[in-house]
Each structure stands twice: as structure tokens, then as C-alpha cells.
Amino acid sequence: MKFFEKLMKIDRRIIYLILALVVIVPFLRPFMIHPKAMPPVENLYNYIDSIPPDKALVISVDYTPDTEPELQPMTIALLRHAFARRIKVGVLTLGVLGLGLAENALTQVANEFNQRATTREDSIIYGRDYVFWGWQTPALTVILGMGERISRVFSVDYYGNKTETLPMMQKIKNYNNVGIVVSVSASATPLWYITYGQTSFGIKVGIASTAVQAADMYPYLNSGQATGLLSGMKGGAEYEELVQTRLGITGRRRATEAMAAQTSAHFTIIAFIIIGNIGFFALRRRKK
Amino acid sequence: MKRRIPLLIVFVFGVLGAIPFLIPHRIIQDADNEFRSSVLRIIVAFSLVLGVGSIIRHHYEKIRRKRENWQYSYVTLISLVISAIIGLFGGIEANGILPTRFVFPFTNYTFRFDIQTLYTNIMVPLGATMFSLLAFFMTSAAYRAFRARNIEATILLFSAFVVMLAAVPLVSSIFPKLSFFSEWILTVPNTAAKRGLGFGIALGSMATSLKIILGIERGWLGGTG
Amino acid sequence: MAISPPTYVRAWDNPNDAGGAIRISWHLSADDSIIDGYEILRLAEGEKEYQPIGFIGKGRNCYTDDETKDGLRYQYRVSAVKDTIRSYSEPSNFAQSSAQWFNTDRINVLIFTAIFIFLILWFITQAKRGTRLFVRRIAGLAAVEEAVGRATEMGKPILYVPGLSTVDDVATIAGLNILGEVAKKTAQYDTKLIVPNRDPIVYTVAREVVKEAYTQVGRPDAFNPDSVYFVTDSQFAFAAAVDGIMTRENPATNFFMGYFWAESLIMAETGASTGAIQIAGTDAVMQLPFFITACDYTLIGEELYAASAYLSREPLLLGALKGQDFGKAIIIGVLLLTTLLALLLNLPVLNLF
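As given, the protein sequences belong to chains A, B and C, one line each in that order. With the first sequence counted from 1, adding 93 to any position gets you the numbering used here. With the second sequence counted from 1, adding 42 to any position gets you the numbering used here. With the third sequence counted from 1, adding 1045 to any position gets you the numbering used here.
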């Protein structure tokens, strides 16, 4: 019976060590997994795909460095999709820590496309194809102000250019010229867009969130307030899969790479739960 | 008087904050925007001064009284001062009045310590490290707590298995129905429970806000009642 | 090649706005499927020519002109566009924009708010008259006394984290209310209290709450101002700091009361590993599973808001709590009624409506 007691009280450090190994090893010996997109992901993809030429995709990069591994691949996949379909993109952040992350994503994806471009038309040019508005506070003022006039909220962009002078901003003035706002966030920020932006201006909102946060977002998805939902690393991998298979856009797929580690980690957690329950039931039977 | 003035301020601004929701007229909306974009920002900015003052005082006292681990307080205070100086005078990308890059002679290597570099190389990895601890803590918490003690715990355990397995592309491609069952768990019972909680929380927030505006709830003033 | 123009163009003041906007609608062109889109043209009163003001895609039949001057009359035409071919509609009626003083779309919110306020004030009046109001037992709050006592017996401190949100968050206010009650007990029993804060304003309020609590029970001398302090506004740095406090100070009791994000499990699991008794309360629905797993007691959602009424047993607060519960009962009743009606509407056999 001591064996079953030990099963119920495995030292935390052993659990942490085993988990660390099962997460690290798949990165050293990776195996590729091609996830099938679930409806919430596909809905968001299809909506963005159907944005008319006179409207923009707005990406609100509302996460911090701690959630960068889970959410940055989603931002990159969204940008690849938009640039491949020549959809204008406006990027902002509602938290100052998102600035560096947003800029990294924009620079990376723009460079990817420009390395393949052969003409100026094919290139992704700042000011013409995308604008990085930067950060403003407080968030509510930004969300509501963009319904009136984006250039009033962001009079200069992140790089110090007057927003009104940028070519893209001649057509993209407020939410009327925005197809959808996708909030990439690890907190409840997408709900602010729904509560304030959608209620006041009727904007479409897409959500890209961590797996933990996504459980909170499903009520809004079911009610139709959110057009689509990317949930966690798997949601990011599904979107990457759609972008690659439907548009032929290649590039490093960080979310998909992480699926191997996620797979083994989940199996490990389930194994530990089963072990703990085996010990629990064995001891309970003995006491009876 | 010491309590009446704050209560009056809360009442006036509480009511003024609610009015723009119902009155779309430009006069009201402009006043509300002005308050949020100017006044609130100033208050938030000044509150940082209070916070920094608190850190300095707390760690200064720790050093002065040589409390346990007082040496680490030096680390905190020195880091605070250095990052403040670099941030204020070094510019975002090493373009300020304080030089924040050093080029090693005879090499191409540039050592940068501007605020963007500090952020990217210190803040980002530290934040990611702390967040990654969640994976370990979730494992130990799940191992300890997910025991089928009774019917409710068993249902919780079963749901956890389904959702965790469905989050694994390998399993969901072998058993596609598992993904839909997981979606069902998240979109039906999970949503129902969250909506119920959401209603309660929304009404509770509304009632608590009303109590604060009307001065019934005064705990935030210091003391109760 | 000729294309059919859009028809029946109407213009009216955009309702429920701050002025400066006119809505235009039209019937789609018969050739909507082959055109590029619609160009909207505007003629201001006093001008001679229509000016293009916007372009939208095919399949759309409304547009909001948000660059009008209030009081000035405008007239509109809509043109179906295919390459260089344009087909113009007949002019619309004249319309002028104006600001509205009341948003009629939100009248239902106003009515329910009025009912809700009435209920709360009614029950407060009842409470003031001495009517006894029942509140069910909340395990987490009933355990506060026991938790403080445990810390006192063991000679260990109590750690209180009032959430990571700002002071305008209702959960933070609720957390600070409970802090006041806990501080009164620690003052009475002379137990060390540690209150780290993430927000500078919450720190100042928490400090005053604790100081006032100590004064109220007659122990102002026992208040240690360094027990309440600001740590950092960085989320995970704060979590790391709290974990450090738990492992160094080894508190017997941990309270997590307020709004939390992803750091909740990091703090709760570390606290569990030190063997402390843990009571958590949050309205962050997403963090509840972590607290329930790692803590001994958890206040779920509005149980946190009820804490101040529950712990103080003040008639005013209890009355407000009752009013809030009745408001919830009304919502439940309306939901059940509308669900039943929807069910009946969809039953083809009964065919009642």
C-alpha cells in the first residue's frame, strides 16, 4: 500500500522534471502535425478573406512579452493573410508593452513579402499597405475615438509621421472603413472592443486569445458578437495551416512547431492525473 | 468634511460618467472625451509618482533597519535609478542625449543598453519565464486536485480529459468527433455557466457601483461603513 | 453598355448620435452583381454641383455621411459604377443632421436600471426599518475568522493580495472592503499583516483602509505603514514578488481577493506548496478554476461583492444585496418566460402563434 500512497504524493520536483523533458525533447526531435481548422477559426479566416478593397483589417496587439510565444504566431499569420490578399492593415496596441511585439511582427512579415516581391506593386510598403499607429491611452478613449476619426486618436504614427499624410489613411478614416478589428490578447481586451466599439459603432470583432482566456470568449462567439476565435497555440496552428494551404504563403510556422510539444505535455498531464486517481482509488478501496 | 468631499466627488463624477451612455449629444460626448483623454491621464501619470515613492521608501527602510535580505533592496533601488536614467535620457533606440551604445574597438560588435534593448533582452525573457511556470504549476495542481472523489469531480475529470485531448491535433485528427465534443463542452455547458456567472457579476458590479456612487459603500474611503 | 441605376434614395438624420451625420439608403441596382460598387454624391444647400463623398462595394445599400454640418440641408445621389460607366439615381430628399439629447436605442437599459435602483432603495428602506434580511452562509467568508486565528496561533503572518486591477474595478473595491475586516482582526490579535500592491492608487487606498481599521479597534500604535506597499505594476514581476514573500515569510494564511489574471495559479500554487490556508475571491471567471483547484475556499463572482455586507452585517449593505438579488430574480424570470415563448413558437405541432 505504500506504493499507492507514494502514487498519490509524487514530489512536485519529479513532476516538473518529467514535464520539462517531454516539452524540450519534441523541439529537439520535432514531428510535424497539420491541424484541421475548427469552425471558429475558419469563420474568422473567411471573414477576413472577404474584406472588400475599400476596407482595412485592424489588428490590436494587446499582449505582453509573457504571452508572446502563444500569440505572436497568430499576429504573424493574420498579417501574412492580409498582405497576401492585399488587404490594408492598421495596427495599434492598447498596452505599451505590445509596441515592440507589434513592430517585430510587422517588420518580419513585410520583409518576408518584400524578399519575394519583384515589382513595387507586389511589395508591402509602409503607409500604402499598412500603418502602425502605435499606442495611446486610456484604452476606452482609443476604442471610442477610432469610431469618430482614427487620425484624431493617433495624430502621429509610431514612427512620428503625421497619420493624415499617409496614403492609406486617405481612405481609412474610422470604423466605417474597417472590415474587422481582430484583438490579439491574453486578457479581456477583445471584450472592450465588443462592449464599446461594437455597441457604439457596429464594428465586427475577431478574437485571438490564449487557450485559457478563450473559454471566456465562447459566449461572445455563440451570440455572434465575435465573428471568429483563434484559441491558443492550436488556434494559431490552424490559422497558419489555412494561410499556407489556401494561399500558398510559406514561412516559419511557430505555432505549428509547438504542437508536438503541446501534444506530449498534454499526454503527460493526463498520465499524472490517471496515476493520482489510481492511487486514490486503491487507498479508498483498502480503507473500505 | 474629510469624508464628505470625496463622497460628493464620487457622486458627481459617477453620475456624469453614466450620462454619456444615454445622451449622444456632442456637448456631453465632448466633455466626457475631454475628461477621459486629459484629466484621467494626468491622474494616472501622477499615481506612478506615488508608486515609485512607495518602493523607494519601503526598500530604504529595509536597508536602514538591516531587515532580512536587505542586500537585495540595493539591487531594486539601483535597477530603478539606472532604468529611469536610461529611459529618460537615453532615448528609445539609443538616440537620446545620454550615450547608450558602446562600440568595441577593432570589432564590429556594438554593446547597446538603451531602453529598447533592456526591454527586449531582460523584460521579455523574464516575463516569458514567469508565464512558462504556469505549465508546471498547472500540472502539479491538476495532479493534486483532479481526483474522482464524487460525481461532480468525476464529471470535471472527464471534461478535462476531453478538452485536453481535443487540444492535441494528433488525437483530434484520429478522433474528429472528439474535437466537436470538446467544442460542445466549451460552447454549451461552459458557456451556460459563464453566462450565469456573467449575469450575476454584471448585476453585482452594477449594484456595487451604485452603492459607491450613492455613498452607501464607503470601505474604499478607509475604514468600513 | 448601360447599367441600371440605384433607386429610391432616401436620406435622413443619423439617429442617436452627436450630430454631423446623415444616413443614406437606396434600393440596389438591378445590375448589382456585375458592378464595382456605388459612389455617393452630395449637394449642400447653396452649392451648384454634386461632390463625390464616398464609395462602397456592391451589395451594400446604405452609407453614413459623417462629415455634415448640423443645420445645413443636403441632398444625395447614388451612382452605380462599372469601370468608367456611371448610372445615377434620382436625387434624394433634403436632409439635415442634428444632435440628439437621448439615445432611444438604450431606453430598455434605462428602464431596467430604474427598476434596479428602485429595488435596492426599497430594500435599504426595509433594512433601515429593522426588517431582518437573510443572507445564506458563504463558506469562504465564514472561514476568515478561523484563518486569522490559525495565523495568530502559529505566530506567522497573513498575506493579503487585493487583486492586480485598478481601484476603479469593482472587484478591487470589494477586495479592499474585506481587507478592512481582516485588518481589524489582525489588529485585535496582533498578527502581522503583509499587503503587497500592484497599482499605486490601490496601494494608497489599501494603506488608508488598514490604518483606519487599526484605529477603529483602538490599536493605532500597532499599525505598521511598511506592511502595505507598492511592488511593481508589471504583472508577472508582481507574481514573482508575491511568490518570494510566500517562500521567505511563510505566511500561515493567504488571501487573494480582487481581480486576477494569468498569475493567479502561480501565486496560489506556490502558496499551496508552503502549506498555508488559502481563501480566494474573484470575479475573473477564467481564474476561478485555478483558485478552486489550489485554494481551500473560493468566493465565486458576486460572493466577493457580497463580502462587505456579509462581514459587516450593516443593514444598508444587506438591503442593497437583497435588492441586487431581486434584480437577478427578475432577469431569471424574463429569461424563463422568453425561453418558453421561443420554445412554443418553434413547436409546429402546437402551432399556438
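For each residue, glycine too, the CB sits at the ideal point set by N, CA and C. Source: prediction; values computed, not measured.
Quick one: using the 10 Å Cβ neighbour count with 16 as the cut-off for buried, is residue i buried or exposed?
{"i": "Glu-1191 (chain C)", "result": "exposed"}
{"i": "Arg-205 (chain A)", "result": "Residue identity check: residue 205 (chain A) is Glu in the sequence provided, not Arg. Buried is the call here."}
{"i": "Glu-241 (chain A)", "result": "buried"}
{"i": "Pro-1296 (chain C)", "result": "buried"}
{"i": "Thr-266 (chain B)", "result": "Interpretation of Thr-266 (chain B) is limited by its pLDDT of 46, a score under 50 that renders its predicted location unreliable; the figure taken from the coordinates is listed afterwards. Flag for Thr-266 (chain B) reads buried."}
{"i": "Leu-150 (chain A)", "result": "buried"}
{"i": "Tyr-252 (chain A)", "result": "exposed"}
{"i": "Arg-1122 (chain C)", "result": "buried"}
{"i": "Arg-1087 (chain C)", "result": "buried"}
{"i": "Lys-1009 (chain C)", "result": "The structure shown has nothing for residue 1009 (chain C), since chain C only spans 1046 to 1398."}
{"i": "Ala-1387 (chain C)", "result": "exposed"}
{"i": "Leu-281 (chain B)", "result": "The requested residue 281 (chain B) is not part of the displayed model; chain B covers only 43 to 267."}
{"i": "Cys-1107 (chain C)", "result": "exposed"}
{"i": "Thr-1292 (chain C)", "result": "exposed"}
{"i": "Asn-1299 (chain C)", "result": "buried"}
{"i": "Lys-380 (chain A)", "result": "exposed"}
{"i": "Tyr-1053 (chain C)", "result": "exposed"}
Residues of chain C with a CB under 7 Å from the CB of residue i: which are they?
{"i": "Arg-105 (chain A)", "result": "Ser-1318"}
{"i": "Asp-142 (chain A)", "result": "Chain C residues near Asp-142 (chain A): none, gap ~14 Å exceeds 7 Å."}
{"i": "Leu-33 (chain B)", "result": "Given a span of 43 to 267 for chain B in the structure shown, any question on residue 33 (chain B) remains unanswerable."}
Looking at chain A, is there any beta carbon in it that lies within less than 8 Å of the beta carbon of residue i?
{"i": "Phe-155 (chain B)", "result": "no"}
{"i": "Asn-232 (chain B)", "result": "yes"}
{"i": "Phe-1157 (chain C)", "result": "no"}
{"i": "Phe-1283 (chain C)", "result": "no"}
{"i": "Leu-220 (chain B)", "result": "no"}
{"i": "Thr-8 (chain B)", "result": "Outside the shown range of chain B (43 to 267) lies residue 8 (chain B), about which nothing can therefore be said."}
{"i": "Asn-1059 (chain C)", "result": "no"}
{"i": "Phe-1336 (chain C)", "result": "no"}
{"i": "Leu-58 (chain B)", "result": "no"}
{"i": "Ile-1101 (chain C)", "result": "yes"}
Report yes or no: is there a C-beta of chain B within less than 8 Å of the C-beta of residue i?
{"i": "Val-1379 (chain C)", "result": "no"}
{"i": "Lys-327 (chain A)", "result": "yes"}
{"i": "Ala-1365 (chain C)", "result": "yes"}
{"i": "Ile-1085 (chain C)", "result": "no"}
{"i": "Gly-369 (chain A)", "result": "yes"}
{"i": "Ile-126 (chain A)", "result": "yes"}
{"i": "Phe-96 (chain A)", "result": "no"}
{"i": "Thr-356 (chain A)", "result": "yes"}
{"i": "Met-352 (chain A)", "result": "yes"}
Just to make sure I have the definition right: I need the residues of chain C whose C-beta is within less than 8 Å of the C-beta of residue i. Which are they?
{"i": "Gly-93 (chain B)", "result": "Asp-1244, Pro-1245, Tyr-1248, Phe-1275 and Asp-1278"}
{"i": "Asn-269 (chain A)", "result": "Thr-1109 and Asp-1111"}
Check the Cβ of residue i against every Cβ in chain A and list those closer than 9 Å, keeping chain order.
{"i": "Val-1330 (chain C)", "result": "Ala-308 and Asp-309"}
Could you confirm whether any beta carbon from chain C is found closer than 8 Å to the beta carbon of residue i?
{"i": "Pro-66 (chain B)", "result": "yes"}
{"i": "Asp-147 (chain A)", "result": "yes"}
{"i": "Gln-113 (chain B)", "result": "no"}
{"i": "Ser-280 (chain A)", "result": "yes"}
{"i": "Ile-61 (chain B)", "result": "no"}
So with CB distances below 7 Å, who are the chain B contacts of residue i?
{"i": "Trp-1146 (chain C)", "result": "Ile-65 and His-67"}
{"i": "Val-1215 (chain C)", "result": "Ser-247, Thr-250 and Ser-251"}
Output, in chain order, the set of chain B residues within a Cβ distance shorter than 8 Å of residue i.
{"i": "Leu-1362 (chain C)", "result": "Lys-253, Ile-258 and Glu-259"}
{"i": "Asn-315 (chain A)", "result": "Thr-229 and Thr-233"}
Run down chain B in chain order and give the residues with a C-beta less than 9 Å from the C-beta of residue i.
{"i": "Lys-129 (chain A)", "result": "Pro-211, Ser-214, Ser-215, Pro-218 and Ser-221"}
{"i": "Phe-373 (chain A)", "result": "Arg-189, Ala-190 and Arg-191"}
Alpha helix (DSSP H) runs contained entirely in the region 213 to 292 of chain A, provided each spans 4 or more residues
232 to 241, 243 to 246 and 282 to 285
Residues of the region 241 to 267 of chain B whose Cβ lies closer than 7 Å to any Cβ of chain A, in chain order:
none
Got a sec: which bits of the region 1289 to 1312 of chain C sit with their beta carbon under 7 Å from any beta carbon on chain A, in order along the chain?
If you check each beta-carbon in the region 1289 to 1312 of chain C against every beta-carbon of chain A, the ones closer than 7 Å belong to Trp-1306 and Ala-1307.
Within 7 Å of chain C by C-beta, residues of the region 208 to 236 of chain A in sequence order:
none
Where in the region 1192 to 1239 of chain C do unbroken runs of the beta strand (DSSP E), each at least 3 residues long, occur, reported from the N-terminal end onward?
If we require 3 residues or more, the beta strand (DSSP E) runs fully inside the region 1192 to 1239 of chain C come out as 1203 to 1206.
The region 176 to 193 of chain B: which residues have C-beta closer than 9 Å to a C-beta of chain C, in chain order?
Leu-176, Phe-178, Phe-179, Met-180, Ser-182, Ala-183, Ala-184, Arg-186, Ala-187 and Phe-188
Report the start-end ranges of each beta strand (DSSP E) in the region 1267 to 1354 of chain C that is 3 residues or longer and not cut off at the edges.
1273 to 1275, 1298 to 1302, 1322 to 1327 and 1342 to 1345
For the region 76 to 90 of chain B, which residues have a beta carbon sitting closer than 9 Å to at least one beta carbon of chain A?
Residues Arg-78, Ser-79, Leu-82, Arg-83 and Val-86.
Contact set between the region 157 to 178 of chain A and chain C, restricted to residues whose Cβ is under 8 Å from the partner:
Thr-157, Asp-159 and Thr-160
Could you tell me which whole alpha helix (DSSP H) segments of length 4 or greater appear in the region 103 to 132 of chain B?
113 to 131
According to a CB-to-CB cut-off of less than 9 Å, which residues of the region 295 to 306 of chain A neighbour chain C?
Those residues of the region 295 to 306 of chain A that come within reach of chain C (Cβ to Cβ, closer than 9 Å) are Thr-303, Val-305 and Gln-306.
Going along the region 120 to 151 of chain B in order, which residues come within less than 9 Å of chain A, judged by CB to CB distance?
none
What runs of the alpha helix (DSSP H), each 4 residues or longer, lie entirely inside the region 119 to 195 of chain A?
132 to 142 and 161 to 177
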